[in-house]
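Trainee:
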Amino acid sequence: MEIEGPLKIKVINDPAQSGYQLLVDFTPEFQQLPVSGQATEFQHYRQTLQAGISRLQPGDRNRDGMALVLQLVEALMPHVEAGELDLAETLQIQVGEETPEVALTDLLGNG
13 MEIEGPLKIK VINDPAQSGY QLLVDFTPEF QQLPVSGQAT EFQHYRQTLQ
63 AGISRLQPGD RNRDGMALVL QLVEALMPHV EAGELDLAET LQIQVGEETP
113 EVALTDLLGN G
């Protein structure tokens, strides 16, 4: 699944741990935008994800991945809009094997 947008996401599988880890970076182009431009770009990205999800069947791995990214985008949205994030830092998110959806409420403490 490749979705063009302001985020670059890598999936790291560590056999010693259950689940996997997401490493999330903001693209240099996104980082260069003023906060208002970042908010607009992030809104557009969210809409693109929502449209992509609606075109795929439930259970499709691409849909599930897009839904996970959408959850991440929605959790980050207010912080992007407020300019509260250090966009140069990599966010690290641990996703448990037993939970297909990641709880992102504590995301900002994990970067």
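Just so we're aligned: 18 in the numbering used here is position 6 of the sequence shown, and the numbers increase by one with no gaps anywhere.
Note that beta-carbon positions come from the ideal geometry of N, C-alpha and C, so glycine has one too.
How far does the alpha helix (DSSP H) with Leu97 in it extend, from its first residue to its last?
Mentor: Taking the first residue of the sequence shown as position 1, residue 97 is located at position 85. Taken as a continuous stretch (DSSP letters only), Leu97 belongs to no alpha helix (DSSP H), as it is neither H nor E.
Trainee: Pick from Leu34, Leu88, Pro70: whose alpha carbon is nearest that of Leu97?
Mentor: Taking the sequence shown and counting its residues from 1, the one referred to as residue 97 is at position 85. The shortest C-alpha separation from Leu97 is found at Leu88.
Trainee: Does the Cβ of Gln104 have 16 or more other Cβ atoms within 10 Å, making it buried, or fewer, making it exposed?
Mentor: Along the sequence shown, one-based indexing puts residue 104 at 92. So Gln104 ends up on the exposed side.
Trainee: Please state whether the Cβ-Cβ distance between Glu61 and Leu82 is less than 9 Å.
Mentor: Locating residue 61 in the sequence shown gives position 49, where the first residue counts as 1. Locating residue 82 in the sequence shown gives position 70, where the first residue counts as 1. In the sequence under discussion, the amino acid at residue 61 is Leu, which differs from the Glu named in the question. In this structure, Leu82 lies closer than 9 Å to Leu61 by Cβ.
Trainee: Taking 9 Å as the cut-off, decide whether the C-beta atoms of Val85 and Phe54 are in contact.
Mentor: The residue given as residue 85 occupies position 73 in the sequence shown. The residue given as residue 54 occupies position 42 in the sequence shown. For Val85 and Phe54, yes; Cβs fall inside 9 Å.
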